[in-house]
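Asker:
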Amino acid sequence: MKPKTPHNGDAAYYVLGYLEQAFPIHAQKLVEIDGNMVAEPLRDETGALVVSREALALRDAAMMELITLAPIPSALDQILWAFGDDAVAEVTGRSIRPLKADDGHLFIEKRSASSNSAETQAFMDGEKDILIFSDAGGTGRSYHAAQTAKNQKRRRHYLLEPGWRADAAIQGLGRTHRSAQVSAPFFRVCTSDVHGEKRFTSTIAKRLDQLGALTKGQRETGSQGMFREEDNLESPIARAALRGYFADLAAGRAEAMSYENFTDWTALRLIDKDGVLLEELPPIQRFLNRVLALPIHMQNALFAEFMCRIADQSERARAAGTLDLGVETLRGDKIEQVSTEDLWTCPKSGAVTRIIGLEVTDPVHVLSADDALSRNPDKLPMVNRASGRAALISARPMQMYDEDIVTLMRKVVRPNGSSYLEETRFESSAWEDIGRPEFARLWDEEAASLPKTTTTKLYLLTGLLLPIWKDIPTTNERIYRVTPDGATAMIGRTLSEEGAAALRARFLVSNPQTPQEMLTAALGTTAPVDLGRGLTLTRRRVAGEMRLELGGADRGMIDGLKALGCFTEIIAFQLRVFLPHGDRIDTGRILARIVGQGTTKAAEQAA
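For the sequence shown, full-length UniProt numbering begins at 1 and goes up steadily by one.
Right, here's the structure in full:
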């Protein structure tokens, strides 16, 4: 069956050899060993393996079908034939190549050793608009939009057949992204409509990110901004999304496949005999490899649902400022340094940790209603009948995972920014569907009333950070490189105003006495802060949100605390008391009433 010469290119030749050697054609028998049924090869009386005629026929039919397939040209040849060798510069090192004549017939062209240099020069001089280069043609050459080159058009760099070596991929990407260039290139990875192919580009993205972190300490160094966060299927965000997806599969909430079919096709078990989700779930690499063995339509369905969850997680983390983007450059029309505070001095080295206050002024770019609708096709135009404001809201709730807790959220896009709303609050809110004409009118009216510029206040923690890293609030983990107007360049970790106040309380306030000092101390650490009268205030994370919990309250104090502004919630069959906290809530005032008035007295009044 194996042809002496390949009829469908080298790829088919290798696949034929693989089918012939690896296709299971030998019969098996079931035997019982220690109470377990296992399969063993069936042998005849001479000890030779018994060949299954049915399996042999299947293998031969598959090989015959592959042989009769029409030849598939490589991507390189298809590009050459589509645009013509007059428009395409090829720097691959090939000594011969097939070309198409005007009448459609193929002919072989021989190439000299100097063709690579000539083709490179033709592209850099603008004589040819398209350049194709391989690993062999990407060494020691530059294809960027150099200031000295005649062709200074922005490069659009498409990566085909990237392989597995991250260092080789970076070397190739560096050919079009170099110093002294007019503009940076536009990078894109080309994949087919088979979603399982993301498995391979994901591995490359992970390796590029790791290599970039080792070379210059910043993630975009390796991937050059070419990959999105959700392209890396082996990241912590992807692992969290996979655990949530496993929970959906086990509970029957996944639309792509039932749990029974998933188990049958992948042989992955997610629940124990009692129907409880396993503590040790299959790792993401095993899940991805098993999915690759499924039929294409199943692959696409499972990957679509899984990628949707990763995108939701990444978007939520980006909005919350917890997505690790490496070192970013803070830009703005005007960046002014307004304050400098010495927070901590290392007793051994004398190095100082400082809190730098910055004000960043940027123009406000507000989309029109038509642009907002076109950029958010997955969101519905709605109006809040209570406030009269229009917004675009996600048509479906986004699933946010915090360990085994699933929180449903809706993204709300307004002219002045976006926010997230819990599904339960959305269902009980005054948001209603609205027609596009009324939506456009309300949106554009609000957009026209917004200021033309906006000034943002943020704090940057600079200097020696490693010794106090565990004490830094984790609500915002972005790292910026910034050069304020009239000041020297600096690099540091961003802080919110609350985070800065918490650090001041942690390092500059040794014994908090006032309610405000108690609040800032609680925000700056997870240790309980003593409020007196047996009460403590502790910062905790509940269902993915930061909360302030009041501890030490007995049953007789609950009504009094609720009368002063606190709220309660039953979690894991325990009644817990929380202090309201948010942008529009005066938490300090509520805490002052609790500390100043006395809870016991308030409880007596409430009773």
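By construction, the Cβ of each residue, glycine as well, lies at the ideal position given by its N, Cα and C atoms.
How many Å lie between S223 and H177 at the Cα?
Answerer: Its pLDDT being 45, under 50, S223 is placed unreliably by the model, and nothing is read from it.
Asker: Do you know offhand how far L461's Cα is from L288's?
Answerer: 40 Å
Asker: Less than 8 Å between C-beta atoms, sequence neighbours within five positions excluded: which residues of the same chain meet that for I96?
Answerer: I108, E109, K110, R111
Asker: What do you reckon, are the CB atoms on I585 and L561 nearer than 8 Å?
Answerer: no
Asker: Kindly give me the distance between the Cβ atoms of R410 and L421, rounded to whole angstroms, as I take these residues to be in contact under 8 Å.
Answerer: 5 Å
Asker: Would a C-beta distance cut-off of 8 Å place D333 and T361 closer than the cut-off?
Answerer: Yes, these two residues count as a Cβ contact at 8 Å.
Asker: Rounded to whole angstroms, what is the Cα-Cα separation between D44 and A311?
Answerer: 55 Å
Asker: Compute the distance between the beta-carbons of E90 and E119, then report whether it is under 8 Å.
Answerer: yes
Asker: Who pairs with N36 in a beta bridge, going by DSSP?
Answerer: I33
Asker: Return the residue from the list L270, D135, R188, T329 that minimises the CA-CA distance to D248.
Answerer: L270
Asker: With H, G and I counted as helix, E and B as strand and the rest as coil, what does DSSP make of M398?
Answerer: strand
Asker: Taking only runs of the alpha helix (DSSP H) that begin and end inside the stretch 335-413, which ones reach a length of at least 4 residues, in chain order?
Answerer: 369-375
Asker: Residues bridged to A543 by DSSP?
Answerer: In DSSP, A543 forms no bridge with anything.
Asker: Which ranges does the alpha helix (DSSP H) cover as unbroken runs of at least 4 residues, wholly within the stretch 268-293, from first to last along the chain?
Answerer: 284-292
Asker: Could you give the distance in angstroms between the alpha-carbon of R219 and the alpha-carbon of F439?
Answerer: Caution applies to R219, whose pLDDT of 41 falls short of 50 and renders its modelled position unreliable; the value that the coordinates give is listed next. Cα-Cα distance, rounded: 40 Å.
Asker: Taking the DSSP output, what are the residues bridged to T456?
Answerer: V360
Asker: For the alpha helix (DSSP H) that Q147 lies in, which residues bound it at each end?
Answerer: Counting along the chain, Q147 falls outside any alpha helix (DSSP H), and DSSP gives it neither H nor E.
Asker: Which one of G486, K470, L495, A487 has the shortest CA to CA distance from Y480?
Answerer: Of the residues G486, K470, L495, A487, the one whose Cα lies closest to the Cα of Y480 is L495.
Asker: Return helix, strand or coil for P467, following the three-state DSSP convention.
Answerer: helix
Asker: With a threshold of 7 Å on Cβ separation, who are the neighbours of R239 within its own chain once the five nearest residues in sequence on each side are excluded?
Answerer: I284
Asker: Hey, could you find the ends of the alpha helix (DSSP H) K562 is sitting in?
Answerer: 558-563
Asker: Y67 to A57, Cα distance in whole Å?
Answerer: In the sequence as displayed, the identity of residue 67 is Ile instead of Tyr. If I take the Cα positions, the gap works out to 15 Å.
Asker: According to DSSP, which residues form a beta bridge with S418?
Answerer: V413
Asker: Considering only DSSP beta bridges, list what P41 is partnered with.
Answerer: Q28
Asker: Out of G486, L591, M546, state which residue places its alpha-carbon closest to the alpha-carbon of P473.
Answerer: When C-alpha distances from P473 are compared across G486, L591, M546, the shortest belongs to M546.
Asker: How far does the alpha helix (DSSP H) with E101 in it reach, from first residue to last?
Answerer: Per the sequence shown, the amino acid found at residue 101 is Ala instead of Glu. No alpha helix (DSSP H) holds A101; DSSP gives it neither H nor E.
Asker: With 16 other CB atoms within 10 Å as the buried threshold, where does Y14 fall?
Answerer: exposed
Asker: Can you grab the Cα-Cα spacing for the pair L80 / A87, in whole Å?
Answerer: Pairing L80 with A87, the inter-Cα distance amounts to about 8 Å.
Asker: Nearest-angstrom Cα distance between E127 and K100?
Answerer: 20 Å
Asker: Going straight from the alpha carbon of L550 to that of R436, what length do you get?
Answerer: 46 Å
Asker: Using DSSP's beta-bridge definition, name the partner residues of M64.
Answerer: In the DSSP output, where bridge partners are listed per residue, M64 has none listed.
Asker: According to the neighbour-count rule (16 or more other Cβ atoms, all chains shown, within 10 Å of its Cβ), is F573 buried or exposed?
Answerer: exposed
Asker: For L106, count the other beta carbons within 10 Å of its own beta carbon; 16 or more makes it buried, fewer makes it exposed. Which is it?
Answerer: exposed
Asker: For R331, count neighbouring Cβ atoms within 10 angstroms of its own Cβ and tell me buried if that reaches 16, exposed if not.
Answerer: Classification for R331: exposed.
Asker: Output the distance between the C-alpha atoms of E498 and A256, rounded to the nearest integer angstrom.
Answerer: Rounded to whole angstroms, E498 to A256 spans 43 Å at the Cα level.
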